[in-house]
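Visitor: One structure is given below, represented as structure tokens, and several questions about it will come after.
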Amino acid sequence: MGFSGNVAKTTGIMVYRLQCPQGWYKDGPGCVSCPGNETSPLNSEDIIQCTSVCVPGTYSDDGSGNAPCSLCPANYYNANSGSTSITDCVACSNDESTFKGTPYTYFCLGACAGGTFSIFGDGYVPCVACPEGTYGPDLMATSLNACRPCPAGTTSEEGSWSIYSCTVSVSTQCAPGTYSDTGEEPCTDCPANTYNPNAGSVNETDCLPCSAGEISPAGSTDISDCQDACAVKTCVGNEFCTNCLTGPCDVGAPDYAICTCPCEWGGSNCDIRLCEPGTWSLTGSPNCTDCPAGQYQDECGQTDCKLCPQGHTSHPGSSFLYDCFSCSSRFGRGWRGFDVQITPNCYFFCGKAHTYQKANQRCVRKGSGSKMVEINSLAENNVLFGVVASDRKNRWLGMHVDHDQTPPLPWWMSNPNQMAKWTNFLPGEPNNHEYHGETCVQMRKPTGKWNDVPCDKKLKCICEININ
Ligand code: GN1
Ligand code: CA
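All residue numbers in the sequence shown are consecutive under the working numbering, ending with 1397.
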């Protein structure tokens, strides 16, 4: 016989004991699997029974008749070895039941076989198969309770009677984050901005939408994959914008970009051109003008410029604090600066009196654009006069007067055609007193106001370097 074990008589029906299914052999209290794909007859008791030819009760799926072999379904039997198809499995009589992998017709009985239980609760036909994921070791089982769950992590085909039919489950279910019509592979990713924590989903609507204002990548599996769109959105079309603003956010609206603007670009989308360092405007954006001499601006988009530290000045358009310099450090000993808001220029107060022509030469020889002073405001006049007010003599200014004009016109010595921007003559001056050829100009004590005098007078000079 192709099986061994006890045979008993129960209420008129031969009952047998099933031990190891095909592909296993008995070893101690349990069953051991044949090596590799090999199979073995039902209820084998030794490894030598393992064979590569499909044994009775089984058939090969690939038509070869060799292992791996599948069990004939419940209520079928197959007495032949080397069967090549499920069609080699033969049905029991209508009123008989048998277990999965039945090798011989005499297992077909009116009692419910292993892996099945009776519909009417009496252990007799009609019998139904234990469900997938369970196995039913009992003969003449009377209820579903006789079908025992496979061990954790394993599953079985419907109608299994042996725990050895419980195998590690290889799921073809759609994974979380995916779905398909059948819930089985192949599966489609859930769309972006949804998530699906469940396996085996059968509908796109199983992909749950993220909350308003949240987005997720396609195929997301967890609500935590939904994130504030403002925090993760990538902006398109603006090289400076990578993220979104925090706060209410319309997904897809480019104006919600948080942009990391370079210094000279501003606005939430870095699309506003700002004043560059060294420049300013009333609004901080074009049209910008250079910071004036004596000031600097090291930031972009500013509405003013910063003053150089006291005693320091700078060229127009300076963009660093360290562009500020002191007159003496830049031009040498004796050169002085004042409050840059009054004048950013550097001045040199000559120590000796000379005719106008010699005094002018002395200033020019100092280089760096040095020339006789040109005073442009009362404030500048006063700050310079403050230095020389206690001198014994008056000082030359870099100015000529043309007495051929009516009224007489002052002009600067550096350019006879350029009119003085500002003058500060004493009342009644310039007067070319007694027609003595008074064509040069002095700053005169005690008020600091101006007077025309002959150029061959010997006075001290004030030299100036325009910082521009
Ligand atoms: C006169 O006198 P004194 O130095 O204050 C003159 C000036 C002449 C200057 C020539 C009111 O000033 O215009 O340039 O002599 N003042 C008046 O030394 O006539
Ligand atoms: Ca005069």
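Idealized CB from N, CA, C, for every residue including glycine. Note that this is a predicted model, so its numbers are computed, not measured.
Are the CB atoms of isoleucine 1144 and asparagine 1122 within a distance shorter than 9 Å?
Guide: Closer than 9 Å, so yes.
Visitor: Just to confirm before moving on: does the CB-CB distance between phenylalanine 1260 and lysine 1295 stay below 9 Å?
Guide: yes
Visitor: Identify, in the order they occur along the chain, each residue of the same chain with its Cβ nearer than 7 Å to the Cβ of phenylalanine 1249, setting aside the five sequence neighbours on each side.
Guide: Tyr1225, Asp1227
Visitor: Considering alanine 996, what are the terminal residues of the beta strand (DSSP E) in which it resides?
Guide: Where alanine 996 is concerned, there is no enclosing beta strand (DSSP E), given that its DSSP letter is neither H nor E.
Visitor: Take every Cβ of the segment 1279 to 1298, pair it with every Cβ of the segment 1309 to 1317, and state whether three or more of those distances are shorter than 8 Å.
Guide: The answer is no - the segment 1309 to 1317 does not touch the segment 1279 to 1298, with fewer than three Cβ pairs under 8 Å.
Visitor: Specify the secondary structure class of histidine 1241 as computed by DSSP and reduced to three states.
Guide: coil
Visitor: CA-CA distance, lysine 1162 and cysteine 1155?
Guide: Here lysine 1162 scores only 47 on pLDDT, less than 50, and its place in the model should not be relied on; the value that follows carries that caveat. Cα-Cα distance, rounded: 12 Å.
Visitor: Taking only three categories from DSSP, how would you classify cysteine 1292?
Guide: Here cysteine 1292 carries a helix assignment [DSSP, helix/strand/coil].
Visitor: Name, in chain order, the residues that DSSP records as bridge partners for serine 989.
Guide: Cys998
Visitor: Drop a sphere of 10 angstroms on the beta-carbon of glutamate 1061, count the other beta-carbons inside from all chains shown, and report buried for 16 or more, exposed for fewer.
Guide: exposed
Visitor: Around the Cβ of serine 1297, are there at least 16 other Cβ atoms within 10 angstroms (buried) or fewer (exposed)?
Guide: By the neighbour-count rule (16 or more Cβ atoms within 10 Å), serine 1297 is not buried but exposed.
Visitor: In this structure, what does DSSP give as the bridge partners for serine 973?
Guide: Tyr954
Visitor: Could you tell me if cysteine 1192 is buried or exposed, where buried requires 16 or more neighbouring beta carbons within 10 angstroms of its beta carbon?
Guide: exposed
Visitor: Taking serine 973 and tryptophan 953 to be in contact with their CB atoms under 8 Å, please state how far apart those CB atoms are, rounded to whole angstroms.
Guide: 7 Å
Visitor: With DSSP collapsed to three states, give me the class of cysteine 960.
Guide: strand
Visitor: Relative to the C-alpha of alanine 996, which candidate in Pro970, Cys1018, Asn1127 has its C-alpha closest?
Guide: Pro970
Visitor: Whole angstroms is fine: what's the gap from asparagine 1323's alpha carbon to glutamine 1371's?
Guide: 6 Å
Visitor: Quick check: does the Cβ of asparagine 1274 come within less than 8 Å of any heavy atom belonging to ligand 1?
Guide: no
Visitor: Thinking just about the alpha-carbon of each residue, which of Asn1310, Asp1151, Arg1202 is nearest to the one in proline 1375?
Guide: If we check each option's Cα against that of proline 1375, Asn1310 comes out closest.
Visitor: Should glutamate 1228 be counted as a contact of ligand 2 given a C-beta to heavy atom distance under 8 Å?
Guide: Between ligand 2 and the CB of glutamate 1228, the shortest heavy atom gap is not smaller than 8 Å.
Visitor: Would you say serine 1091 and cysteine 960 are within 9 Å of each other, going by their C-beta atoms?
Guide: Against a cut-off of 9 Å, the Cβ pair of cysteine 960 and serine 1091 comes out as a contact.
Visitor: Using three-state DSSP, classify serine 1047 as helix, strand or coil.
Guide: strand
Visitor: Taking 9 Å as the threshold (C-beta atoms), are cysteine 1204 and cysteine 1237 in contact?
Guide: no
Visitor: Output the residues surrounding ligand 2, defined as those with a CB atom closer than 6 Å to any ligand heavy atom, in chain order.
Guide: Glu1358, Pro1359, Asn1360, His1362, Glu1367, Asn1380, Asp1381, Val1382
Visitor: Measuring alpha carbon to alpha carbon, tell me which of Gly1030, Thr1096, Ala1020 ends up nearest serine 999.
Guide: Gly1030
Visitor: To the nearest angstrom, how far is the alpha carbon of glycine 1039 from that of cysteine 949?
Guide: CA-to-CA, the gap between glycine 1039 and cysteine 949 works out to about 23 Å.
Visitor: Tyrosine 1033 CB to nearest chain D CB: under 9 Å?
Guide: Any reference to chain D falls outside this structure, which holds one protein chain only.
Visitor: For the alpha helix (DSSP H) containing phenylalanine 1314, list its first residue and its last residue.
Guide: It spans 1307 to 1317 - the alpha helix (DSSP H) in which phenylalanine 1314 sits, taken as one unbroken run.
Visitor: Please confirm whether alanine 1070 and cysteine 1076 have their CB atoms less than 9 Å apart.
Guide: yes
Visitor: Give the C-beta separation of aspartate 1017 and valine 1054 to the nearest angstrom, bearing in mind that I take them to be a contact with Cβ-Cβ under 8 Å.
Guide: Contact between aspartate 1017 and valine 1054 does not hold, since their C-beta atoms are separated by about 24 Å, which reaches or exceeds 8 Å.
Visitor: Does the Cβ-Cβ distance between serine 1255 and glycine 1266 come in under 9 Å?
Guide: yes
Visitor: Run through DSSP, which three-state label would cysteine 949 get?
Guide: coil
Visitor: Do the CB positions of tyrosine 1093 and serine 962 come within less than 9 Å of each other?
Guide: yes
Visitor: Let me know if glycine 1043 comes out buried or exposed under the rule of 16 or more other beta-carbons within 10 Å of its beta-carbon.
Guide: buried
Visitor: Histidine 1365: beta carbon under 8 Å from a heavy atom of ligand 1?
Guide: Distances taken from the Cβ of histidine 1365 to the heavy atoms of ligand 1 include one shorter than 8 Å.
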